[in-house]
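Heads up, the thing below is written out as structure tokens.
Protein chains: 2
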Amino acid sequence: MPPPDLRIALADRARGGTRQRVYDALRDALVAGRLEPGRRLSENELAEALGVSRTPVREALVRLRDDRMVEIVPQLGTFVSKISIGAVADAQFVREALECAAIRLAAGRVGDAELLQLQAIVAQQDEAHAGHDFDRFFVLDDAFHEALCEASGHGIAWSLAQRADGHLVRVRRLSLPVPEYMGEMIDEHRAVLEAVAARDPDRAEEALRHHLRMVLSVLESIRAEHPEFFAEA
Amino acid sequence: MPPPDLRIALADRARGGTRQRVYDALRDALVAGRLEPGRRLSENELAEALGVSRTPVREALVRLRDDRMVEIVPQLGTFVSKISIGAVADAQFVREALECAAIRLAAGRVGDAELLQLQAIVAQQDEAHAGHDFDRFFVLDDAFHEALCEASGHGIAWSLAQRADGHLVRVRRLSLPVPEYMGEMIDEHRAVLEAVAARDPDRAEEALRHHLRMVLSVLESIRAEHPEFFAEA
DNA sequence: GCCGCACACCTAGTATGCAAGCGTGCCCCC
DNA sequence: GGGGGCACGCTTGCATACTAGGTGTGCGGC
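Note that the protein sequences, when read in sequence, are chains D and L.
Here the first sequence stands for residues 1 to 233, where the numbers follow this note's numbering.
Here the second sequence stands for residues 1001 to 1233, where the numbers follow this note's numbering.
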């Protein structure tokens, strides 16, 4: 019985190589939960579904394994990683370490243009909130954190945090459709932004750390709600 | 004119897949400077030199590009990245952020067995110092930092730091043959270890941060000595 | 009816072949 | 003699073919 819903859309041709497009498409499908944890993937099936050969699919999967999003078992198959409490804790640790270090720097060197950009992002988040547009809010949330890291002068912090963040993103996606959380998160963004604007590294770090830990507070309820997505360990 | 010294040894067969062995061999050759910055690599040459096909070579190179150790230019070639001041700063930032966060945790939860292990590593470093064995010291230095991260409960910190660390490792390799630095580094390891043993997160973080920044103090002299290894920017 | 073995299918790993693009060097023209 | 243009060879990117190994299934024996 072939899997029923392997419809993964590739972005427009010619933007980046095939490998990058396949990676993006797969990662998006994974974090959005369209490829549910535990499912078996096959290079052949993915290649056919995406209309490309096995080679770029394979290379994308290898990269996703580095992200701990899939597990490749030789001669057996490739599986969507179940959400592991340990992996979530690791992702949280990495993200806190990198982003908190970044924001301390950002608070010391942020310019007016960057502050305006951050404020604009938060304003757009208000709009998304008003329109109950979860997907848009998600994009803007990433944009906010990315802009913060960029302001630190070490944009790499965001690249690494995002790649290490797979398990956490899936949890967030599951938790997001609770409207009140969106409002809380925007408030926290404002608190972070104010501290950065005040050039107060300690307060900025504290606000960001609190913000980043919010997601953990709902982890257990998510797990109770979707136990099949989690590994036992 | 074919490159003269593409003799890269592969580790024993059957340990990990071919891709992993090729990656390890190439990375080792890169950080050791046997493949000097700016050099052009060719998938074909590497595959021939290593006695494997292009496929695992290609996948290893893609991963090394993620590490910023090589630059792949389509239809042109793959080049050993020159050491970039910006990339060194990024690597330093990432390593500081991850390891300092890890050691704070480690100071709060380290067990006696782990302390003994750390002490044993430092003792071995003394031996390497006495024997002027730079390579051995290098391995033991990595082991010390890895053990610290493991003691934090987030071994992933070491994995990520090490992967992001390519540019920094090359600098360290160039700077290492100065014997007095080895003694200083061991002293700093001791200071870090004492603070962890005393369960003092603040002092541990401070000692580690100071230790990690030592390498930067010699960066400019290294650059003056080997300008051909560095990018202009 | 149940347990064990063997076969067939499917998997990822690897090797090789083909296509497209860029750089370089030679050759022709001015 | 100098400059412009074309063609060749090299590169990586992608597609395809082949290999080795593991799993599950179905059949045969008990």
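Idealized CB from N, CA, C, for every residue including glycine.
Computed from a prediction, not measured in an experiment: that's the story for all the values here.
(request) Taking C-beta pairs closer than 8 Å, name the residues in chain L that residue 98 of chain D reaches, listed in chain order. (result) As a first step, residue 98 of chain D must be located in the first sequence, where it is residue number 98. Correct list: 1094, 1097, 1098.
(request) Rounded to whole angstroms, what's the CA-CA distance from residue 53 of chain D to residue 216 of chain D? Just pull it up for me. (result) Along the first sequence, read from residue 1 onward, the residue named residue 53 of chain D stands at position 53. Along the first sequence, read from residue 1 onward, the residue named residue 216 of chain D stands at position 216. Distance between the alpha carbons of residue 53 of chain D and residue 216 of chain D: 39 Å.
(request) Run the CB neighbour count on residue 1220 of chain L, radius 10 Å, all protein chains shown included, and call it buried at 16 or more, exposed below. (result) Translated into the one-based positions of the second sequence, residue 1220 of chain L becomes position 220. Counting C-beta atoms within 10 angstroms of its own C-beta, residue 1220 of chain L has fewer than 16 neighbours from the protein chains shown and is therefore classed as exposed.
(request) Please confirm if the segment 160 to 173 of chain D is in contact with the segment 1156 to 1166 of chain L, defined as three or more CB-CB distances below 8 Å between the two stretches. (result) yes
(message) Can you give me the C-alpha to C-alpha distance between residue 119 of chain D and residue 147 of chain D, rounded to a whole angstrom?
(response) Here residue 119 of chain D refers to the residue found at position 119 of the first sequence. Here residue 147 of chain D refers to the residue found at position 147 of the first sequence. Approximately 11 Å, taken between the alpha carbons.
(request) For residue 1073 of chain L, write down the residues that DSSP places opposite it in a beta bridge. (result) Here residue 1073 of chain L refers to the residue found at position 73 when the second sequence is read from its first residue. In DSSP, residue 1073 of chain L forms a bridge with L/1077.
(request) Find the residues of chain D that neighbour residue 1202 of chain L, judging by a C-beta separation of less than 7 Å, and give them in chain order. (result) The sequence position of residue 1202 of chain L within the second sequence is 202, counting from 1. Correct list: empty, because the minimum Cβ distance to chain D is about 14 Å.
(message) Can you give me the C-alpha to C-alpha distance between residue 95 of chain D and residue 1038 of chain L, rounded to a whole angstrom?
(response) Residue numbering aside, residue 95 of chain D sits at position 95 when the first sequence is read from its first letter. Residue numbering aside, residue 1038 of chain L sits at position 38 when the second sequence is read from its first letter. For residue 95 of chain D and residue 1038 of chain L, the distance between alpha carbons rounds to 33 Å.
(message) Can you look up residue 172 of chain D in the DSSP assignment and give me helix, strand or coil?
(response) In the first sequence, the residue the question calls residue 172 of chain D occupies position 172. In this structure, residue 172 of chain D counts as helix in the three-state DSSP scheme.
(message) Is it buried or exposed, residue 109 of chain D, if we count other Cβ atoms within 10 angstroms and call 16 or more buried?
(response) On the first sequence, residue 109 of chain D is found 109 positions in, with the first residue counted as 1. By the neighbour-count rule (16 or more Cβ atoms within 10 Å), residue 109 of chain D is not buried but exposed.
(message) Let me check understanding here. Comparing Cα to Cα, which of D/43, D/28, D/128, D/47 lies closest to residue 183 of chain D?
(response) What you label residue 183 of chain D is simply residue 183 of the first sequence in a count that begins at 1. Ranking D/43, D/28, D/128, D/47 by Cα distance to residue 183 of chain D puts D/128 first.
(message) Check for me: the alpha helix (DSSP H) holding residue 134 of chain D runs from which residue to which?
(response) For the purposes of this step, residue 134 of chain D is taken as the residue at position 134 of the first sequence. Element bounds for residue 134 of chain D: 134 to 151.
(request) Would you identify the three-state DSSP class for residue 35 of chain D, choosing helix, strand or coil? (result) Position 35 of the first sequence, counted from the start, is the residue given in the question as residue 35 of chain D. When secondary structure is reduced to three states using DSSP, residue 35 of chain D falls in the coil class, being assigned neither helix nor strand.
(request) Please confirm if residue 1157 of chain L has its CB atom under 9 Å from at least one CB of chain D. (result) Here residue 1157 of chain L refers to the residue found at position 157 when the second sequence is read from its first residue. At a cut-off of 9 Å between C-beta atoms, residue 1157 of chain L counts as an interface residue with respect to chain D.
(request) Check the DSSP bridge columns for residue 1083 of chain L and list the partner residues they point to. (result) Along the second sequence, one-based indexing puts residue 1083 of chain L at 83. In DSSP, residue 1083 of chain L forms a bridge with L/1230.
(message) Is it buried or exposed, residue 169 of chain D, if we count other Cβ atoms within 10 angstroms and call 16 or more buried?
(response) Here residue 169 of chain D refers to the residue found at position 169 of the first sequence. With 16 or more other Cβ atoms within 10 Å, it is buried.
(request) May I ask you to report which of helix, strand or coil DSSP gives residue 1199 of chain L? (result) What you label residue 1199 of chain L is simply residue 199 of the second sequence in a count that begins at 1. Residue 1199 of chain L: coil per DSSP, three-state reduction.
(message) Taking the straight line between their C-alpha atoms, what separation do you get for residue 1004 of chain L and residue 195 of chain D?
(response) Position 4 of the second sequence, counted from the start, is the residue given in the question as residue 1004 of chain L. Position 195 of the first sequence, counted from the start, is the residue given in the question as residue 195 of chain D. Only weak support exists for where residue 1004 of chain L lies, its pLDDT of 42 falling under 50; the value from the coordinates is given anyway. The alpha-carbon atoms of residue 1004 of chain L and residue 195 of chain D are separated by roughly 56 Å.
(request) Have a look at residue 218 of chain D and residue 1107 of chain L and give me their C-alpha separation to the nearest angstrom. (result) In the first sequence, the residue the question calls residue 218 of chain D occupies position 218. In the second sequence, the residue the question calls residue 1107 of chain L occupies position 107. It is roughly 28 Å from the alpha-carbon of residue 218 of chain D to the alpha-carbon of residue 1107 of chain L.
(message) Helix, strand or coil for residue 1040 of chain L? Go by DSSP, reduced to three states.
(response) In the second sequence, counting from the first residue as 1, residue 1040 of chain L sits at position 40. Three-state result, residue 1040 of chain L: strand.
(request) Please report the residue range of the alpha helix (DSSP H) in which residue 1065 of chain L lies. (result) Locating residue 1065 of chain L in the second sequence gives position 65, counting from the first residue. That run of the alpha helix (DSSP H) goes 1054 to 1066.
(message) Counting only beta-carbon separations shorter than 9 Å, does residue 167 of chain D have a partner in chain L?
(response) On the first sequence, position 167 is the one that residue 167 of chain D refers to. No - not a single Cβ of chain L is within 9 Å of the one on residue 167 of chain D.
(request) Return the CA-CA distance between residue 210 of chain D and residue 1225 of chain L, expressed in angstroms with no decimal places. (result) Your numbering for residue 210 of chain D matches position 210 in the first sequence. Your numbering for residue 1225 of chain L matches position 225 in the second sequence. Rounded to whole angstroms, residue 210 of chain D to residue 1225 of chain L spans 46 Å at the Cα level.
(message) Within 10 Å of its beta-carbon, does residue 1080 of chain L have 16 or more other beta-carbons around it, so buried, or fewer, so exposed?
(response) Taking the second sequence and counting its residues from 1, the one referred to as residue 1080 of chain L is at position 80. Counting Cβ neighbours within 10 Å, residue 1080 of chain L comes out buried, since at least 16 surround it.
(message) Just to confirm the assignment, what range does the alpha helix (DSSP H) spanning residue 1129 of chain L have?
(response) Here residue 1129 of chain L corresponds to residue number 129 of the second sequence, with the count starting at 1. DSSP places residue 1129 of chain L inside the alpha helix (DSSP H), whose first and last residues are 1112 to 1130.
(request) State whether the segment 1133 to 1152 of chain L contacts the segment 1056 to 1068 of chain L, with contact taken as three or more CB pairs (one from each stretch) at a distance under 8 Å. (result) A contact is defined here as three or more CB-CB pairs under 8 Å, and the segment 1133 to 1152 of chain L fails this definition with respect to the segment 1056 to 1068 of chain L.
(request) Confirm, please, whether the CB-CB distance from residue 104 of chain D to residue 32 of chain D is below 9 Å. (result) Translated into positions along the first sequence, residue 32 of chain D becomes position 32. Translated into positions along the first sequence, residue 104 of chain D becomes position 104. Contact: no.
(message) Under 9 Å, Cβ to Cβ, is there at least one residue of chain D near residue 1017 of chain L?
(response) Numbered from its first residue, the second sequence carries residue 1017 of chain L at position 17. Yes, residue 1017 of chain L lies at the interface with chain D (some Cβ there is under 9 Å from its Cβ).
(request) Could you name the residues of the segment 45 to 64 of chain D whose beta carbon sits closer than 7 Å to any beta carbon of chain L, in the order they occur along the chain? (result) 59, 62
(request) Note down the Cα distance separating residue 1188 of chain L from residue 1208 of chain L, rounded to an integer number of angstroms. (result) If you number the second sequence from 1, residue 1188 of chain L lands on position 188. If you number the second sequence from 1, residue 1208 of chain L lands on position 208. Distance between the alpha carbons of residue 1188 of chain L and residue 1208 of chain L is about 8 Å.
(request) Going by CA-CA distance only, name the one from L/1122, L/1090, L/1043, L/1068 that's closest to residue 1192 of chain L. (result) Taking the first residue of the second sequence as 1, we reach residue 1192 of chain L at position 192. It is L/1122.
(request) Going by CA-CA distance only, name the one from D/198, D/145, D/90, D/214 that's closest to residue 172 of chain D. (result) By one-based count along the first sequence, residue 172 of chain D stands at place 172. For the residues D/198, D/145, D/90, D/214, the minimum Cα distance to residue 172 of chain D belongs to D/214.
(message) Please confirm whether residue 1211 of chain L has its beta-carbon closer than 9 Å to some beta-carbon of chain D.
(response) By 1-based counting over the second sequence, the position of residue 1211 of chain L is 211. So no, residue 1211 of chain L is outside the interface.
(message) So residue 101 of chain D contacts chain L; which residues on that side make the cut at Cβ distance below 9 Å?
(response) Taking the first sequence and counting its residues from 1, one reaches residue 101 of chain D at position 101. Here the neighbours are 1093, 1094, 1096, 1097, 1098, 1100, 1101.
(message) Which residues in chain L have a C-beta closer than 7 Å to the C-beta of residue 90 of chain D? List them in chain order.
(response) Translated into positions along the first sequence, residue 90 of chain D becomes position 90. For residue 90 of chain D, the chain L residues whose C-beta falls within less than 7 Å of its own C-beta are 1154, 1156, listed in chain order.
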